[in-house]
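Below, the structure written as structure tokens:
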């Protein structure tokens, strides 16, 4: 019993330390702006997960409302994720023609169109 | 003028009381074959005349008066007392009799043991006649008449007067096919059978036939002697196995127990049903509307609550008028698009005599629907009604909106939008700060 226990704990120790070092590296090396974008992403993800759970566990009626609410979170997540990758200074080589201002304008326009469709579909 | 009317109206009412007439007309053609003088049936005929029928007599081979001319029947009812005639004038051949029936003329037909065109017509009405010249015979009850003259107990039947005494019968019985339009009126006695001889010398053949069973044996109460048939058009034809059933001789003949026979009453009842005095229903009107409304809409929406009502009346021969009838409890309504999507009982409305109502929810299905009443019961005239209504899906603004069940979804969508605005504002604000920072750095 004892060896397995120690083995599992010794296994758990490196993985937890890996997560720990990942978290540390993220905290240290990510700019504040990207952390802010990430916070928004997490908020959207939680919102989408909650709606999906409600749909599965409680009711999918009215289905159009579910589709609108859920797809608004998905769409917003995709748009924000692309914004994040475009404003990340480490990706500058990949998006040479896209300035951060241009990226934000794309993001804002895409989001406004998305929300227009969502609210049309919601009622 | 008004005074004249007030005088005339009670008189008309009185006349109605005296004359019990048919719902479909009063003119009757009686086709009597030469061997049957009409004096022999004076009781039956005078009863009909008393009821208000107009009798016209004619022999089978006479040409006038025509029964049907230019495809228009000249009489409302035809009595065919010609059980032995083999030839008829052109207008009363079996084919033209069928035409008469489809033109809503009623027929009262007597057949006998002899083969005539009429007996072959009978088989078209699902009556299976025995071989020719085999009249019905019964040795019970013990009596002093020949074995072919039989008193038949009248089983209770909604078409007949209750408590009718046994009737004398001398003629032919027939088996009944499984046609649903047949209305058995009088069955042969259980101990009777069809035989070609009045003596018992042919008994062996009968025993053989009964051992084989089935075809070839016309015996017992499964065979019938008086049978009605109501066509799909509503006309009625009654096949009687004996013309003597209607005769004065049998009407006055005492039963073996000394009491009067029921022939007179029975003949009256048979004629009353055949000539559409009895058991005649009709639909006066139908209406339908929403549960909360009163006017008939042009269309219904799926899942609407619908009320359908129908007024049924029954012919009352005593007053020659149609009276509201709350007498049926099994009328059904179907709401049909190809198949009945809803089938429900129409319940009699106690506050409104003759009115039957059903209330139901329209199915969740759009299309062209029909309210269908198709009421067919043995002995009763059929009720048929069909009303077409479209059932449409809700309009774009006809759906319920902002349901409480959907609030999590609404909250999700709104929070994403608000989140987007707040995020944009903070992101831009951060950008400005960064730019300032960057500029400051450059300056430094």
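Residue numbers (this note's numbering), protein chains in the order written: chain A, 1 to 123; chain B, 1 to 444. Just so you know, even glycine gets a beta-carbon here, dropped at the ideal spot from N, CA and C.
Just verifying my parser: in three-state terms, what is the DSSP assignment at residue i?
{"i": "residue 139 of chain B", "result": "coil"}
{"i": "residue 47 of chain A", "result": "helix"}
{"i": "residue 109 of chain A", "result": "helix"}
{"i": "residue 20 of chain A", "result": "helix"}
{"i": "residue 168 of chain B", "result": "strand"}
{"i": "residue 295 of chain B", "result": "coil"}
{"i": "residue 153 of chain B", "result": "coil"}
{"i": "residue 106 of chain B", "result": "strand"}
{"i": "residue 39 of chain A", "result": "helix"}
{"i": "residue 59 of chain B", "result": "coil"}
{"i": "residue 125 of chain B", "result": "helix"}
{"i": "residue 162 of chain B", "result": "coil"}
{"i": "residue 73 of chain A", "result": "helix"}
{"i": "residue 30 of chain A", "result": "coil"}
{"i": "residue 82 of chain A", "result": "helix"}
{"i": "residue 5 of chain A", "result": "Only weak support exists for where residue 5 of chain A lies, its pLDDT of 44 falling under 50; the value from the coordinates is given anyway. Correct three-state label for residue 5 of chain A: helix."}
{"i": "residue 269 of chain B", "result": "helix"}
{"i": "residue 68 of chain A", "result": "helix"}
{"i": "residue 118 of chain A", "result": "helix"}
{"i": "residue 276 of chain B", "result": "coil"}
{"i": "residue 94 of chain B", "result": "helix"}
{"i": "residue 52 of chain A", "result": "helix"}
{"i": "residue 340 of chain B", "result": "strand"}
{"i": "residue 54 of chain B", "result": "strand"}
{"i": "residue 175 of chain B", "result": "strand"}
{"i": "residue 100 of chain B", "result": "helix"}
{"i": "residue 95 of chain A", "result": "coil"}
By the DSSP assignment, the beta strand (DSSP E) with residue i in it spans what residues?
{"i": "residue 355 of chain B", "result": "355 to 361"}
{"i": "residue 346 of chain B", "result": "Unbroken run through residue 346 of chain B: none, as it is neither H nor E."}
{"i": "residue 282 of chain B", "result": "281 to 290"}
{"i": "residue 334 of chain B", "result": "332 to 337"}
{"i": "residue 367 of chain B", "result": "367 to 375"}
{"i": "residue 32 of chain B", "result": "27 to 32"}
{"i": "residue 186 of chain B", "result": "182 to 187"}
Starting from residue i, trace the alpha helix (DSSP H) both ways and give me its first and last residue.
{"i": "residue 326 of chain B", "result": "Unbroken run through residue 326 of chain B: none, as it is neither H nor E."}
{"i": "residue 305 of chain B", "result": "From DSSP, residue 305 of chain B is part of no alpha helix (DSSP H) but of the beta strand (DSSP E) over 305 to 316."}
{"i": "residue 445 of chain B", "result": "Residue 445 of chain B is absent from the structure shown; chain B starts at 1 and stops at 444."}
{"i": "residue 61 of chain A", "result": "Where residue 61 of chain A is concerned, there is no enclosing alpha helix (DSSP H), given that its DSSP letter is neither H nor E."}
{"i": "residue 46 of chain B", "result": "42 to 51"}
Next item on the list: Check whether the segment 379 to 395 of chain B touches the segment 76 to 84 of chain A, taking contact to mean three or more Cβ pairs, one atom from each stretch, closer than 8 Å.
Entry: no
Next item on the list: Mind listing, in chain order, the continuous alpha helix (DSSP H) runs of no fewer than 4 residues lying wholly within the segment 220 to 266 of chain B?
Entry: 248 to 252
Notebook entry, point to check: Does the segment 104 to 115 of chain B touch the segment 269 to 279 of chain B, meaning 3 or more C-beta pairs lie closer than 8 Å?
Noted result: yes
Next item on the list: Report the residues of the segment 403 to 414 of chain B with a CB closer than 7 Å to any CB of chain A, ordered along the chain.
Entry: 403, 405, 406, 408, 409, 410, 412 and 413
Notebook entry, point to check: Taking a cut of 8 Å between CB atoms, which residues from the segment 419 to 432 of chain B lie near chain A?
Noted result: 419, 420, 423, 424, 426, 427, 428, 430 and 431
Margin query: Short of 8 Å Cβ to Cβ, which residues in the segment 70 to 93 of chain A face chain B?
Written below: 70, 72, 73, 76 and 80
Check: Between the segment 346 to 357 of chain B and the segment 299 to 314 of chain B, do at least 3 Cβ pairs fall closer than 8 Å?
Finding: yes
Notebook entry, point to check: Can you list, in chain order, the stretches of the beta strand (DSSP E) that have 3 or more residues and sit fully within the segment 64 to 92 of chain B?
Noted result: 77 to 81
Next item on the list: Would you list, in chain order, the members of the segment 43 to 56 of chain A that have their beta-carbon closer than 9 Å to a beta-carbon of chain B?
Entry: 43, 44, 47, 48, 50, 51, 54 and 55
Item checked: Complete beta strand (DSSP E) runs within the segment 386 to 433 of chain B (minimum length 3 residues, chain order) -> none
Note to self: Below 8 Å, how does it come out for the segment 76 to 89 of chain B and the segment 219 to 231 of chain B: are there three or more Cβ pairs, yes or no?
What the structure shows: no
Margin query: Count Cβ pairs between the segment 180 to 199 of chain B and the segment 288 to 299 of chain B that sit closer than 8 Å; are there 3 or more?
Written below: no
Notebook entry, point to check: Should the segment 65 to 73 of chain A be called in touch with the segment 408 to 420 of chain B, which here means at least 3 C-beta pairs below 8 Å?
Noted result: yes
Note to self: Does the contact criterion of 3 or more C-beta pairs under 8 Å hold for the segment 236 to 250 of chain B versus the segment 95 to 114 of chain A?
What the structure shows: no
Notebook entry, point to check: Closer than 9 Å, Cβ to any Cβ of chain B: which residues of the segment 99 to 111 of chain A, in chain order?
Noted result: 100, 101, 104, 107, 108 and 111
Notebook entry, point to check: Are the segment 17 to 37 of chain B and the segment 89 to 98 of chain A touching, with three or more C-beta to C-beta distances below 8 Å?
Noted result: no
Check: Going along the chain, which residues of the segment 313 to 342 of chain B sit with their C-beta nearer than 8 Å to a C-beta in chain A?
Finding: none
Next item on the list: Count the C-beta pairs between the segment 362 to 375 of chain B and the segment 326 to 343 of chain B that are closer than 8 Å, then say yes if the count reaches three, no if not.
Entry: yes
Notebook entry, point to check: Does the count of Cβ pairs from the segment 49 to 59 of chain B and the segment 22 to 31 of chain B closer than 8 Å reach three?
Noted result: yes
Margin query: Output needed in chain order: residues of the segment 286 to 313 of chain B with a Cβ under 7 Å from some Cβ in chain A.
Written below: none
Check: Should the segment 254 to 262 of chain B be regarded as contacting the segment 321 to 331 of chain B, the criterion being three or more beta carbon pairs within less than 8 Å?
Finding: no
Check: If contact means a Cβ-Cβ distance below 8 Å, which residues of the segment 376 to 405 of chain B contact chain A?
Finding: 401, 402, 403 and 405
Note to self: At a CB distance below 9 Å, what residues from the segment 123 to 141 of chain B approach chain A? Give them in sequence order.
What the structure shows: none
Next item on the list: Could you tell me whether the segment 110 to 126 of chain B touches the segment 77 to 84 of chain B, where touching means 3 or more Cβ pairs closer than 8 Å?
Entry: yes
Next item on the list: Evaluate the contact criterion for the segment 28 to 48 of chain A versus the segment 365 to 384 of chain B: three or more CB pairs, one atom per stretch, below 8 Å.
Entry: no
Checklist line | Selection of the segment 354 to 369 of chain B by Cβ proximity to chain A, strictly under 8 Å | finding: none
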